[in-house]
Amino acid sequence: MRILIFPLLLMVLLASGCAGRGSVGSYCGPLAEGKTVAAIAADAVDLLSNLYPPGHTAVHLVPAKNVENTFVQDFEGGLRTKGFTLAPDARADAVAVAYTLDALSEKGEERTWYLQLRIFDSKTDGISIARAYTPSGQPEAGQSRTETALKRSMLEEVTDTTRNALFE
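Quick note, the sequence shown lines up with residues -19 to -1, 1 to 149 if you use mature numbering (1 follows the signal peptide of the UniProt record, and there is no 0).
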């Protein structure tokens, strides 16, 4: 019996190292200057306001490491203008939004942009919305929506990660 337990335990430990944690925080790559980022942020606000009623929804934006990026400033401003309440910390009644904004381009080509919003609330398992944008910040086509099947515990992990990153 001992002979079987050790290899089984070893396999469990090695297999657990392969399990990814998924996207927890926000990320913002190098941004364009001008109206491109503002246009993408305005579209993100519209996407969020189509899912949740402004004026009745608190939103917690999961910060990126580079907190002072212009996207988050434009996104926060747009959310406030629409009537959303911004929650500084994740809480049970707030919708948590993590984002990824980055450029998609080859050398010598104009930058196109990619935005993914990962939205977590207490009523759903989570939604991921992704969209591509032209170099001027206009949506290129439709959007991809996926149920992410992330439970509330994921939001708590996001909150812990955010707090740890801010206080380090």
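A virtual CB, placed ideally from N, CA and C, is assigned to each residue, including glycine.
- Per DSSP, L42 lies in no alpha helix (DSSP H); the unbroken beta strand (DSSP E) holding it starts and ends at A39 to L42.
- In chain order, V76 place their CB closer than 7 angstroms to the CB of Y33, counting only its own chain and leaving out the 5 sequence neighbours on each side.
- For the alpha helix (DSSP H) assignment, the uninterrupted runs of no fewer than 4 residues enclosed by the segment 45 to 78 are, from N- to C-terminal side, 51 to 63.
- Assigned with DSSP and collapsed to three states, S103 falls in coil, not helix or strand.
- Proximity of the segment 90 to 97 to the segment 54 to 65 falls short of the contact definition, fewer than three beta-carbon pairs being nearer than 8 angstroms.
- Shown here for G59: same chain residues with a beta carbon closer than 6 angstroms to its own, the five before and five after excluded, namely A22, A23 and V26 in chain order.
- Each of E128, L12, S7 and R61 was checked against the Cα of G118, and the nearest Cα belongs to L12.
- DSSP lists S109 as the bridge partner or partners of T127.
- Around the beta carbon of G107, 16 or more other beta carbons sit within 10 angstroms, so the residue counts as buried.
- For L32, the enclosing alpha helix (DSSP H) has its first and last residue at K16 to L32.
- Going by C-alpha positions, S30 is about 15 angstroms away from Q124.
- Sequence-distant partners of S86 (beyond 5 residues in either direction) whose C-beta falls short of 7 angstroms from its own C-beta, in its chain, are R92 and T93.
- The C-beta of A45 has 16 or more other C-beta atoms within 10 Å across all chains shown, which makes the residue buried.
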